[in-house]
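Notes follow the structure.
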Amino acid sequence: MSSPESVLRQLVWQEIHWPRPLEDEQAINLLRLWSAQSHAPQIILEARATRRGIRYLVGSQRRHASAIRRDIERLVAGTIVVADDGERLPAQAVRRVRVNTPVQSLEPRSAEGSTRSLLASLAAVQGDERLVIQIILGPRYAPQLTPRTIPQVDQGIASMVLRGIQPEQRRGVSRGVENKQGEHGFASYVRIGVSAKEEDRRRTLIGGVVSAFRSMVAPGLRFQVDFDHIQKLNHPSSEWPRFAFGQRLSAVEVGMLSAWPIGEGPVAYPGQPPAHPRQIRPSFAASSVDRIIASATAPGSTDVRLGLSPADSCHHVWAMGPTGVGKSSMLLSLIVDDMAAGRSCVVIEPKDLIRDVLKHVPADRQDDVVVLDPLDSEPVGINPLDGHGRSPALVADQLFGTFHALYGDQLGPRSSDILRHSLLALAQRKDASLAMLPILLNNKKFRQSVTQHIAGGDPFSAGPFWHWYEQLSPEASGQVTAPLMNKLRPLLDPHLRHVLAQPTPRFNVRQVLTQRKILLVPLQKGVLGPESAQLLGAMVVAELWQAIQERASLPTSDRHPVMVYLDEVQEYLRLPTDIGDALATSRGLGAAFHVAHQYLDQLPSSMRTAFEANCRSRVFFQLAARDAKAAAAMAPGLEPEDFMALPARHIYAQLVRGGAVTDWASGATLTVPKPTSSSGTIRARSRKQFGQSTEAIEQGLRSVLNPSAENEATSGRRRRSQP
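Here the sequence shown is numbered in UniProt numbering, starting from 1 and rising by one per residue.
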């Protein structure tokens, strides 16, 4: 059984993942720190090359490993150091390398050129060949004052015997000696190890490294190469040998010989991984109750998950990336997690996400699914005119706000006036539906059945308006309503009216919040048309927003999280209020919005501003140049090239943890789970519980066009209710 002391003295290895670029000043400052340490632990640096690239290892006694890791990561920003549990494959031949006059400094003409040559020599391996540079850093040298007269550095023994020790007359040489003696340094061993099938090949590979070393020498210096025992490289001691001396190397010289990829700017060195995308270690690991977004990809963190708690999700999630990069897969994973946890969900999207969601519904949630599909044979409906405790005036005003959010300045003063009065009139009819809106303006008999009950009750606004409207000739009314009818006509589209022409639908959006339903709204623009899809999506979101606001009357403890997913969000997030205010308000009401889109130019400026201010969790996929530049401005430490180089399904994420925004991290979205349910079965259940036949819907709407006397007598005014 090993004693605690023997365990602490064991040699352990860690792998260093350098940032790109690795700046010269940072690397040398790290080595200078080590060279100035008073406790002077032995440190072993290795650069190991295989056909897969070059790995950088640091070895030390176990007792010093954490301190060395801390030194590297703190002094060289962006570096990741992880335990190396892999096997260090042995070398078949080893050479020891030293300079003939160690008092002189190495002085490459081009530091970057020498580094490139050294890395190119390591990258020359093929097949199963291996090549390694090992530098053992032992006892430290403190800076020393040089004497007034320095002995000639290259004086031979014969000259010393015949002429005595001669002073160094060359100023450049004297200055180099003074500089080296004036720096902290290490007693060190430099070795080259190689593994190759043939002796000639081993000689060639070692010769390439030595040639790269020789590009660093000053005039008069040369490298000496000697055979060495392979065990000294394959199984180095954890301690410096008692009677070993080694050669003196300064911190700068160790940096030159280490094959570290030191350079300024985006230098592409042989054998190095791409500079982009940068891998960033997460600052926290998701817990077992968190909603998982991705797995971390940074070295040493691949078993760490990136996720959000349900409460932190209410700070909203912003996802951006073009088609095909993995947004839908990420959203699907979150939705599956939410369904399994019993949460309320709303999904509105124009592609295939809902088709995949229907294949992953847990068995105990299948009766909670409501598929509001306008293409269904028995569609689920909604009625935005249903007051649900609101006054007709408030219902009309909120609906007008939704139309205004959709069409903006396209609604001129005249169209706005007509729309307001029309909505108010229908809101007071107990059997009204939104599909009646264009009918109200075009069908005189139906219009009179609606307005005759309200014109007399409001002689100041509604009465004069409808009196004016009834006096218009058919040509004049067509002219004044044409700009508005252009926007209302989609309400009579066969698919859209089957959803919006149900005066008493069997489903209310508020059931999502009160009964934890799963509302799925597929909006296929290719079939519905873009205007109809946008209009229906906006109506569903507006209804949901009203239901969310009504939660203000509930105690905070009763506001269970409601997860709202809006893909192609710019099409459907059209609220009758400021979007930023809505997001800020919904956070406190337990609603978590997950907004996704392809690129920034899709977003109106007000929507982008709202997302930047209120969506505190951000998940960005591979981006085009313009969006990458904007994303990098939000992510200190990342560059546009990082976002542009992300592979499919890879992300950079900044998530909220405990109410606070954390640092960015790199990750990869989870693999899509296997299907567990039948979409056809779930659609049938939804249809049976919440749908209505299109024949019944059409018959009800036709009865509006030709109302009977009995219908006219019973329709009446909608009973006013308090807001």
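All residues carry an ideal CB built from backbone N, CA and C; glycine is no exception.
All values derive from a computational prediction rather than experimental measurement.
Inter-residue distance for Gln-428 and Gln-549 is about 22 Å (C-alpha atoms, whole angstroms). Taking all protein chains in view, the Cβ of Arg-48 is crowded by 16 or more other Cβ atoms within 10 Å, so the residue is classified as buried. Under the three-pair Cβ rule at 8 Å, the segment 263-283 counts as touching the segment 13-32. DSSP lists Glu-349 as the beta-bridge partner residues of Pro-522. Asp-226 sits in a strand when the DSSP states are folded into three classes.
Closest in C-alpha terms to Ala-341, from the list Pro-379, Asp-364, Val-509, comes Asp-364. Where Val-619 is concerned, there is no enclosing alpha helix (DSSP H), although the beta strand (DSSP E) around it starts and stops at 617-620. The residue among Ile-80, Pro-561, Gly-590, Phe-245 with its C-alpha nearest the C-alpha of Pro-282 is Ile-80.
Judged by DSSP secondary structure, Gln-602 falls outside any beta strand (DSSP E); it is assigned neither H nor E. Around the beta carbon of Val-7, fewer than 16 other beta carbons sit within 10 angstroms, so the residue counts as exposed. Per DSSP, the beta-bridge partners of Val-81 are Ile-16.
Distance from Ile-192 to Val-209 at the Cβ level is roughly 5 Å; contact confirmed, criterion being Cβ atoms closer than 8 Å. Distance between Gly-412 and Ala-665, taken at the CA atoms: about 48 Å. Under the 8 Å Cβ criterion, the segment 459-470 counts as touching the segment 407-426, having at least three qualifying pairs. Within the segment 269-329, the complete beta strand (DSSP E) segments at least 3 residues long are 291-296, 305-308, 317-320, listed from N- to C-terminus. Take the alpha-carbon of Lys-444 and the one of Ser-605: they are about 42 Å apart. In the three-state scheme derived from DSSP, where H, G and I count as helix and E and B as strand, Ile-335 is classed as helix.
With a cutoff of 9 Å on beta-carbon distance, Ala-396 and Arg-420 are scored as near each other. Restricting attention to Arg-355, Ile-136, Gly-246, Ala-83, the CA atom closest to the CA of Thr-676 is found in Arg-355.
Shown here for Ala-624: same chain residues with a beta carbon closer than 8 Å to its own, the five before and five after excluded, namely Pro-322, Tyr-599, Met-644 in chain order. Relative to the Cα of Leu-491, the nearest Cα in the group Leu-536, Asn-508, Leu-385, Ser-473 belongs to Leu-536. Excluding the 5 residues flanking it on each side, Arg-163 has no same chain C-beta neighbour closer than 6 Å.
Secondary structure note for Gly-401: its alpha helix (DSSP H) is the uninterrupted segment 392-407.
The Cβ atoms of Ser-586 and His-316 sit closer than 9 Å to each other.
Contact annotation, Gln-42 with Ser-60: C-beta distance approximately 7 Å; criterion of less than 8 Å satisfied.
In this structure, Gly-271 keeps its C-beta atom at 9 Å or more from the C-beta atom of Tyr-189. Annotation for Arg-510: Ala-547 place their beta carbon closer than 6 Å to its own, counting only its chain and skipping 5 residues before and after. Distance between Leu-520 and Asp-338, taken at the CA atoms: about 13 Å.
The C-alpha of Lys-487 is placed about 19 Å away from the C-alpha of Glu-475. Counting C-beta atoms within 10 angstroms of its own C-beta, Ala-482 has fewer than 16 neighbours from the protein chains shown and is therefore classed as exposed. In this structure, the CA atom of Gly-113 is about 9 Å from the CA atom of Ala-212.
Assignment of Gln-134 by DSSP, reduced to helix, strand and coil, places it in the strand class. By the CB criterion at 9 Å, Ile-136 and Pro-4 fall outside the cutoff.
In this structure, the straight-line span from the alpha carbon of Ser-287 to that of Gly-659 is close to 15 Å.
In this structure, Val-656 keeps its C-beta atom at 9 Å or more from the C-beta atom of Arg-626. Judged by beta-carbon spacing, Arg-62 lies within the 9 Å limit of Arg-9, meaning their Cβ atoms are closer than that value.
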